[in-house]
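In what follows, a single structure is set out as structure tokens and then discussed.
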Amino acid sequence: MNIRDIIKNSNLIKDVLGKTDIDVAGISNDSRNIKRGWLFAARKGTNVDSNIYIDEAISKGASAILTDAPETAERLKNKDIVIILAENALKAYAVISKNFFENPAEKLKIAGITGTNGKTTTTFLIKSILTAAGSKTGLIGTIDYEIGGGFAPSKNTTPDAFELNRMFSETVKSGGSCCVMEVSSHSLVQDRVYGVPFDVAVFTNLTRDHLDYHENMDKYYSAKKKLFSEILSESSKTKKFAAINSDDPYGKRLLGELKEEFGGKDEIGLLAYGLDEDCDISAKNINYYRGGLKLDIIFPDGNTAKGIRSNLIGGYNVYNILAAVSAAYALSASEGSIVSGIESLENVPGRVEKINTGNARSPLICVDYAHTDDALKRVLSSLRNIISGGKLISVFGCGGDRDKGKRPLMGMHSADIADISIITSDNPRSEDPLSIIREIETGIKKGQFVDKEKLKDKVNGQVYNGHVYTIEEDRANAIRLALSLASEEDAVLVAGKGHEDYMIVKENRFHFSDKEEILKYYENRI
Numbered sequence: 026m027n028i029r030d031i032i033k034n035s036n037l038i039k040d041v042l043g044k045t046d047i048d049v050a051g052i053s054n055d056s057r058n059i060k061r062g063w064l065f066a067a068r069k070g071t072n073v074d075s076n077i078y079i080d081e082a083i084s085k086g087a088s089a090i091l092t093d094a095p096e097t098a099e100r101l102k103n104k105d106i107v108i109i110l111a112e113n114a115l116k117a118y119a120v121i122s123k124n125f126f127e128n129p130a131e132k133l134k135i136a137g138i139t140g141t142n143g144k145t146t147t148t149f150l151i152k153s154i155l156t157a158a159g160s161k162t163g164l165i166g167t168i169d170y171e172i173g174g175g176f177a178p179s180k181n182t183t184p185d186a187f188e189l190n191r192m193f194s195e196t197v198k199s200g201g202s203c204c205v206m207e208v209s210s211h212s213l214v215q216d217r218v219y220g221v222p223f224d225v226a227v228f229t230n231l232t233r234d235h236l237d238y239h240e241n242m243d244k245y246y247s248a249k250k251k252l253f254s255e256i257l258s259e260s261s262k263t264k265k266f267a268a269i270n271s272d273d274p275y276g277k278r279l280l281g282e283l284k285e286e287f288g289g290k291d292e293i294g295l296l297a298y299g300l301d302e303d304c305d306i307s308a309k310n311i312n313y314y315r316g317g318l319k320l321d322i323i324f325p326d327g328n329t330a331k332g333i334r335s336n337l338i339g340g341y342n343v344y345n346i347l348a349a350v351s352a353a354y355a356l357s358a359s360e361g362s363i364v365s366g367i368e369s370l371e372n373v374p375g376r377v378e379k380i381n382t383g384n385a386r387s388p389l390i391c392v393d394y395a396h397t398d399d400a401l402k403r404v405l406s407s408l409r410n411i412i413s414g415g416k417l418i419s420v421f422g423c424g425g426d427r428d429k430g431k432r433p434l435m436g437m438h439s440a441d442i443a444d445i446s447i448i449t450s451d452n453p454r455s456e457d458p459l460s461i462i463r464e465i466e467t468g469i470k471k472g473q474f475v476d477k478e479k480l481k482d483k484v485n486g487q488v489y490n491g492h493v494y495t496i497e498e499d500r501a502n503a504i505r506l507a508l509s510l511a512s513e514e515d516a517v518l519v520a521g522k523g524h525e526d527y528m529i530v531k532e533n534r535f536h537f538s539d540k541e542e543i544l545k546y547y548e549n550r551i
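All the letters of the sequence shown, read from the start, carry residue numbers 26 to 551 under the numbering used here.
Given below as structure tokens:
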């Protein structure tokens, strides 16, 4: 495709220096990926201004440069290369990526899910529903990319604009008609989904996370809101929906603000979901058990689907189900397909994933991605509600070089809810693992404790106001300790890594899987 076609229909391009009939073989915003005949998109990032890598890209054979730095365009104007000067390089990169693949997203029904917790499970549920409805559906998210019948490990929750449009293109080529994707706050700030024609956007919830990047909750909220007030609002689809969790405080705020902003736009529908019967989509008669949950769902027309069974554990999964139902409803899925899709989803990797040990007398063991204070609290509370009389044991840590404020909060919630807390390491990166653990420990000592003095000797641990906790820096040993303490009636939560199969220590990344360590423990006991 030539330069002229790549930049068409874009009011973001201020000037083009050079011939516009030159062909472009590919596009990248990473100079390390540039090949001969490719276009290099230089942009100012959070930490790095990639305009400094333009000469490297040229040396690798780049045929064109996209930049929003006038001084860069001036410096390069006499070189034998096409310079595209944009008003905003991030948005222009998204537009030229879309044009390069001939706008494949317009041929798909697309659902985007944003929020702190629940994005991954909600996308899996939506895909299951759409598959039940007979629609071949792509999935893009934190765990993997499921495109055209193939699977690829995820590099980012939301890929950059070129990769995203490539995936849309592959979905269309493989006969797909839908795509469901997670939309991260980082991707919204960085305009990775700029110009994506969403049919429905979903807001799950907002709790503390990524404050090392967003600085405060207001900026974090503003990043999430962008999916609705800008991206969805500007979507080219003739009818589109925003589905909002109105039981979440930030969701309620978003719903109110969008009612004002979208008030005069008939092409945008608002769907509120939650447990309140006044919601457009709600649930009642909810029952929880060790194997999952059962509920009734009320649709906007008043119809009720009764006795739906889900293999997913926990109260927060009721909200994930309602989010998925809202999106599927917006995409015109039938009630029967919605029920079938919910009931057929076995599990979501690393999302309160029940581990089958092959031992009938093992405790309920779950691996979960919970790495924020709110997520840990929700998972522990859900497990507490479905075990009667047994112990609840939590194994968790906190990632290094990330928001430090959540560390004591996670410790406090574990002390509040679990009987035994085992604090361990979780991707310490450049930080000292034990220092992270000590910060978590300060929160343990602020918990609302229950008397568990009798458990003290079993863990060779410490008791603070009656709560038992111990520190085991080695994560594999921490998991083994938790399992050795658990009986058939107990529950063990290994939190923080979920689907991840690696550990990051300093500059080193090596294989480590919570699930594999659990299965290894039981294999050795046979």
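For every residue, glycine included, the Cβ atom is placed at its ideal position computed from N, Cα and C.
The structure presented is a predicted model; accordingly, all values stated were derived computationally and were not measured.
Close-in-space but distant-in-sequence residues of the same chain around Gly294 (CB under 8 Å, 5 per side omitted): Mapped onto the sequence shown, residue 294 falls at position 269. Contacts found: Lys264, Lys265, Phe266, Ala267, Ala355.
Other residues of its chain near Ser260: CB distance less than 7 Å, five sequence neighbours each side excluded: If you number the sequence shown from 1, residue 260 lands on position 235. Result list for Ser260: Pro222, Phe223, in chain order.
For His524, the three-state DSSP class (helix, strand or coil): Counting from one through the sequence shown, the residue named residue 524 turns up at place 499. DSSP places His524 in coil when its eight states are reduced to three.
Segment contact flag, the segment 138 to 154 with the segment 71 to 85, C-beta cutoff 8 Å, min 3 pairs: no
Among Thr183, Lys60, Arg61, the one whose alpha carbon lies nearest that of Ala119: Sequence index remark: in the sequence shown, residue 119 carries index 94 (1-based). That would be Thr183, whose Cα lies nearest to the Cα of Ala119.
Length of the line joining the Cα atoms of Lys262 and Asp515: In the sequence shown, counting from the first residue as 1, residue 262 sits at position 237. In the sequence shown, counting from the first residue as 1, residue 515 sits at position 490. Straight-line Cα distance between these residues: approximately 50 Å.
Distance CB(Ser460)-CB(Lys531) smaller than 9 Å: Along the sequence shown, read from residue 1 onward, the residue named residue 460 stands at position 435. Along the sequence shown, read from residue 1 onward, the residue named residue 531 stands at position 506. Cβ distance not < 9 Å, so Ser460 and Lys531 don't count as in contact.
Three-state class that DSSP yields for Phe65 in the structure shown: One-based indexing of the sequence shown puts residue 65 at position 40. DSSP places Phe65 in strand when its eight states are reduced to three.
CA-to-CA distance, Ala157 to Phe535, given in whole angstroms: Your numbering for residue 535 matches position 510 in the sequence shown. Your numbering for residue 157 matches position 132 in the sequence shown. Those two C-alpha atoms are separated by around 38 Å.
Proximity of Thr145 and Gly166 at Cβ, strictly below 9 Å: One-based indexing of the sequence shown puts residue 145 at position 120. One-based indexing of the sequence shown puts residue 166 at position 141. Going by C-beta atoms, Thr145 is nearer than 9 Å to Gly166.
Classification of Phe176 by the beta-carbon crowding that lies within 10 angstroms, buried from 16 upward: As a first step, residue 176 is located in the sequence shown; it is residue number 151 there, counting from the start. By the 10 Å Cβ count, Phe176 comes out exposed.
Asn533 versus Glu464: straight-line alpha-carbon distance, rounded: Numbered from its first residue, the sequence shown carries residue 533 at position 508. Numbered from its first residue, the sequence shown carries residue 464 at position 439. Distance between the alpha carbons of Asn533 and Glu464: 23 Å.
C-beta contact flag for Asp326 and Lys309 at 9 Å: Residue 326 sits at position 301 when you count from the first residue of the sequence shown. Residue 309 sits at position 284 when you count from the first residue of the sequence shown. Contact flag unset, no.
Own chain, CB closer than 6 Å to Ala50, minus 5 neighbours either side, in chain order: By one-based count along the sequence shown, residue 50 stands at place 25. So the list reads Gly62, Trp63, once near-sequence residues are dropped.
Beta-carbon proximity check, Leu110 vs Arg68, cutoff 9 Å: Translated into the one-based positions of the sequence shown, residue 110 becomes position 85. Translated into the one-based positions of the sequence shown, residue 68 becomes position 43. No, Cβ-Cβ distance for Leu110 and Arg68 is not below 9 Å.
Asn549 (DSSP reduced to helix, strand or coil): One-based indexing of the sequence shown puts residue 549 at position 524. Looking at Asn549 - three-state DSSP - the assignment turns out to be helix.
Touching by the beta-carbon criterion (3+ pairs, under 8 Å), the segment 336 to 344 and the segment 406 to 416: yes
Strand pairing of His536, partner residues [DSSP]: Position 511 of the sequence shown holds residue 536. In DSSP, His536 forms a bridge with Tyr527.
Whether Thr329 touches Tyr547 by CB criterion (9 Å): Numbered from its first residue, the sequence shown carries residue 329 at position 304. Numbered from its first residue, the sequence shown carries residue 547 at position 522. No, the Cβ-Cβ distance between Thr329 and Tyr547 is not below 9 Å.
For Thr495 and Ala503, the rounded distance between their alpha carbons: The residue labelled residue 503 in the question sits at position 478 within the sequence shown. The residue labelled residue 495 in the question sits at position 470 within the sequence shown. So the alpha carbons of these two residues sit roughly 9 Å apart.
Local conformation of Met206 per DSSP, three classes: One-based indexing of the sequence shown puts residue 206 at position 181. The answer is strand: DSSP assigns Met206 an E or B state.
Local Cβ density within 10 Å of Ser84, reported as buried at 16 or more and exposed below that: Position 59 of the sequence shown, counting from 1, holds the residue named residue 84. Counting Cβ neighbours within 10 Å, Ser84 comes out exposed, since fewer than 16 surround it.
Ser362 to Pro453 span [Cα, whole Å]: As a first step, residue 362 is located in the sequence shown; it is residue number 337 there, counting from the start. As a first step, residue 453 is located in the sequence shown; it is residue number 428 there, counting from the start. Using only the alpha carbons, I get a separation of about 43 Å.
3-residue-minimum beta strand (DSSP E) runs that sit fully inside the segment 329 to 412, ordered along the chain: 329 to 335, 389 to 393
Cβ-based neighbour list, Ala443, same chain, cut-off 7 Å, excluding 5 preceding and 5 following: Translated into the one-based positions of the sequence shown, residue 443 becomes position 418. Cβ within range, chain order: Leu405, Leu417, Ile418, Ser419.
Span of the beta strand (DSSP E), counted from its first residue to its last, around Tyr170: For the purposes of this step, residue 170 is taken as the residue at position 145 of the sequence shown. Its beta strand (DSSP E) spans residues 169 to 172.
Asp399 beta carbon less than 9 Å from that of Val377: Here residue 377 refers to the residue found at position 352 of the sequence shown. Here residue 399 refers to the residue found at position 374 of the sequence shown. Taking 9 Å as the Cβ cut-off, Val377 and Asp399 do not qualify as a contacting pair.
When Ala348, Ser160, Gly137 are compared against Ser210, the one with the closest alpha-carbon: As a position in the sequence shown, residue 210 is number 185, starting the count at 1. It is Gly137.
Stretch pair the segment 117 to 133 + the segment 213 to 232: three plus CB contacts closer than 8 Å: yes
C-beta neighbour in chain B for Ile504, strict 9 Å: The chain labelled as chain B is not found in the depicted structure, where only one protein chain is given.
DSSP bridge partner residues for Asp48 (one or two, in chain order): Residue mapping note: residue 48 aligns to position 23 of the sequence shown, counting from 1. DSSP output for Asp48 lists Asn27 as bridge partner(s).
Same chain only: Cβ atoms within 8 Å of Lys479, ignoring 5 sequence neighbours per side: In the sequence shown, residue 479 corresponds to position 454, counting from 1. Because the pLDDT at Lys479 is just 45, under 50, the model does not fix this residue reliably, and the point stays unresolved.
Outcome for Asp441 when other beta-carbon atoms lying within 10 angstroms are tallied against a minimum of 16: On the sequence shown, residue 441 is found 416 positions in, with the first residue counted as 1. With 16 or more Cβ atoms within 10 Å of its Cβ, Asp441 is classed as buried.
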